[in-house]
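Undergrad:
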Amino acid sequence: MSAQGSTAAATDNDSRLALQFCGLEFTTPLVLLSGCVGFGEEYTRVHGFSNRDAGAVVLKGTTGKARLGNPPHRVYETPQGMLNAIGLQNPGVDYVVDWILPHLDFGETRFIANVSGSTVEEYVEVTRRFDDSRIDAIEINISCPNVKEGGVAFGNDPDMSARVVEACRAVTRKPIITKLSPNQTDIAQNARRCIEAGTDAFAVINTLMGMSVDIATRRPVLGNNQGGLSGPAIKPIALLKVHQVHQVAAPHGVPIIGQGGITSASDAIEFLIAGAATVGIGTGLFYDPLILPKINRGILEYLEHHGFGHVSELTGTLVLNGAAAPACGC
76 MSAQGSTAAA TDNDSRLALQ FCGLEFTTPL VLLSGCVGFG EEYTRVHGFS
126 NRDAGAVVLK GTTGKARLGN PPHRVYETPQ GMLNAIGLQN PGVDYVVDWI
176 LPHLDFGETR FIANVSGSTV EEYVEVTRRF DDSRIDAIEI NISCPNVKEG
226 GVAFGNDPDM SARVVEACRA VTRKPIITKL SPNQTDIAQN ARRCIEAGTD
276 AFAVINTLMG MSVDIATRRP VLGNNQGGLS GPAIKPIALL KVHQVHQVAA
326 PHGVPIIGQG GITSASDAIE FLIAGAATVG IGTGLFYDPL ILPKINRGIL
376 EYLEHHGFGH VSELTGTLVL NGAAAPACGC
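This is how it looks when you write it as structure tokens:
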């Protein structure tokens, strides 16, 4: 639902921004990211905000059973970014399906579930539960630690990533979006394995692991010691990862939600050029809760100025400068 007195969507459903993503109709390429908008209604309390300004909203990470999350502090601002270690606090999938989804306005936008788990079996359980619901698509967060394999994150190993995707694919007909971690050696190889396992799309990238230290106590600021870094600080890394995954995914027709540090229309356009079909806004909402219509307008202005008829024409139009530079950047 929209906040009382909120303005109409700035784009007025401009057809130049509307697109299909995994067979779903999006009114705009903007996607609100998991963990930044609760379960789809938090920002509707803000005057002037409307879910209609987003093509889709990704709900907070959901597990099989309720989780209390990590001890405080959970969030810490850093230069050009933010560390978070929420710990997947959520009420569990049954509560989300039975009590939260019925109150969402599916006429406003598309809603995507975010599935998390500590075992492959938990991923399957949560995915199966969402399959029997109104949710439009399912995003799989494979950055969670695998408790049966010594706590190594599923998403850091291509084979484990593929196991999760394949298992979830077997229990749902809904589109699966695999959220890839940047904390791995070869994100392109991981993408290949996930495509083979049946993913329909990718979200690139999740947060980078980081830490901040309180020099007065010589302890980490976050109660969990480490957390995920998001915000403008990670944008250059995210852009490169989107480009790398696009090279693998494009031949298979697998689209990408590009995300990581987007706070302006020019940021969003960079991700589209690098290979994203849609772009995710997360930490940027904390800078400006009314950022969505501004980005939509900025994209439209760019299309007009540069002679593009539709936003999809931008995807993957990156022109490299000769041979690729060495990985070290030298």
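Add 75 to the 1-based position in the sequence shown for the working numbering, that's all there is to it.
Cβ coordinates follow ideal geometry from the N, Cα and C atoms, glycine included.
With a threshold of 16 other CB atoms inside 10 Å of the CB of T292, please say whether the residue is buried or exposed.
TA: exposed
Undergrad: If you draw a straight line from the alpha carbon of E271 to that of R244, how long is it in whole angstroms?
TA: 11 Å
Undergrad: Report back the beta-carbon spacing between A308 and I331 to the nearest angstrom; my notes put them in contact at under 8 Å.
TA: Contact flag wrong, Cβ pair sits at about 21 Å.
Undergrad: Do V199 and V132 have their C-beta atoms within less than 9 Å of each other?
TA: Their beta carbons are not under 9 Å apart, which means V199 does not touch V132 by this criterion.
Undergrad: Using 10 angstroms around the beta-carbon of P146, count the other beta-carbons present and answer buried if the total reaches 16, otherwise exposed.
TA: exposed
Undergrad: So what does DSSP say about P147, is it helix, strand or coil?
TA: coil
Undergrad: Please classify G302 as buried or exposed, where buried requires at least 16 neighbouring CB atoms within 10 angstroms.
TA: Burial check for G302: the Cβ neighbour count within 10 Å reaches 16 or more, so the residue is buried.
Undergrad: With a cut-off of 8 Å on the beta carbons, I'd call P104 and V320 a contact; round off their distance for me.
TA: At roughly 17 Å, the Cβ-Cβ gap does not stay under 8 Å, so P104 and V320 are not in contact.
Undergrad: Just to check my reading of the structure: G355 and R91 have Cβ atoms closer than 8 Å, yes? What is that Cβ distance to the nearest angstrom?
TA: About 20 Å separates the two Cβ atoms, so there is no contact after all.
Undergrad: Hey, how far is the Cα of P368 from the Cα of N88?
TA: 11 Å
Undergrad: Taking the Cβ atom as the reference point for each residue, do N159 and G110 lie within a distance shorter than 9 Å?
TA: At the C-beta level, N159 and G110 come within 9 Å of one another.
Undergrad: Ignoring anything shorter than 3 residues or poking outside the stretch 315-389, list the beta strand (DSSP E) runs there in chain order.
TA: Complete beta strand (DSSP E) runs here, min 3: 331-334, 353-356.
Undergrad: Please report the straight-line C-alpha distance between N299 and Y377, rounded to a whole angstrom.
TA: 42 Å
Undergrad: Note down, in chain order, each residue of its chain lying with its Cβ closer than 6 Å to the Cβ of K140, except the 5 sequence neighbours on either side.
TA: G167
Undergrad: Could you compute how far the alpha carbon of L60 sits from the alpha carbon of V323?
TA: Past the boundaries of the shown model lies residue 60; the chain is included only from 76 to 405, so the question cannot be answered.
Undergrad: Which partner residues of P220 appear in the DSSP bridge assignment?
TA: A228
Undergrad: Buried or exposed, going by whether 16 or more other CB atoms sit within 10 Å of the CB of G335?
TA: buried
Undergrad: Rounded to whole angstroms, what's the CA-CA distance from R203 to I262? Just pull it up for me.
TA: 27 Å
Undergrad: Can you give me the C-alpha to C-alpha distance between A125 and R185, rounded to a whole angstrom?
TA: In the sequence as presented, Ala is not what sits at residue 125; that position holds Ser. Whole-angstrom Cα-Cα distance: 13 Å.
Undergrad: Under a three-way DSSP split, which group does D289 fall into?
TA: strand
Undergrad: What did DSSP end up calling S236 once you bin it into helix, strand or coil?
TA: helix
Undergrad: In the stretch 239-281, which residue ranges form an unbroken alpha helix (DSSP H) of at least 4 residues, counting only runs that do not cross its ends?
TA: 262-272
Undergrad: Once DSSP output is grouped into helix, strand and coil, what is the label at T202?
TA: Here T202 sits in helix by DSSP.
Undergrad: Quick check on the burial criterion: 16 or more other C-beta atoms within 10 angstroms. Buried or exposed for D289?
TA: exposed
Undergrad: Taking only beta-carbon positions, decide if I348 is within less than 9 Å of chain D.
TA: Included in the structure is just one protein chain, with no chain D present.
Undergrad: Quick check on T137: does DSSP put it in helix, strand or coil?
TA: strand
Undergrad: Applying the 10 Å Cβ sphere with the 16-neighbour rule, what's the burial state of E100?
TA: Looking at its Cβ environment, which holds fewer than 16 other Cβ atoms inside 10 Å, E100 is exposed.
Undergrad: Would V296 and S287 qualify as a contact pair, given that the criterion is a beta-carbon distance under 9 Å?
TA: yes
Undergrad: Got a sec? Which residues, its chain only, sit under 7 Å from N231 by beta carbon, not counting five neighbours each side?
TA: S256, N258, Q259
Undergrad: On the DSSP letters alone, give me the boundaries of the beta strand (DSSP E) that S305 sits inside.
TA: Segment 302-305, the beta strand (DSSP E) holding S305.
Undergrad: Would you tell me roughly how many angstroms separate the C-alpha atoms of I175 and A129, rounded to the nearest one?
TA: 19 Å
Undergrad: Alpha carbons only, please: which of V195, S208, T153 is nearest the one belonging to Y170?
TA: S208
Undergrad: Taking the beta strand (DSSP E) that L105 falls in, what are its first and last residues?
TA: 105-107
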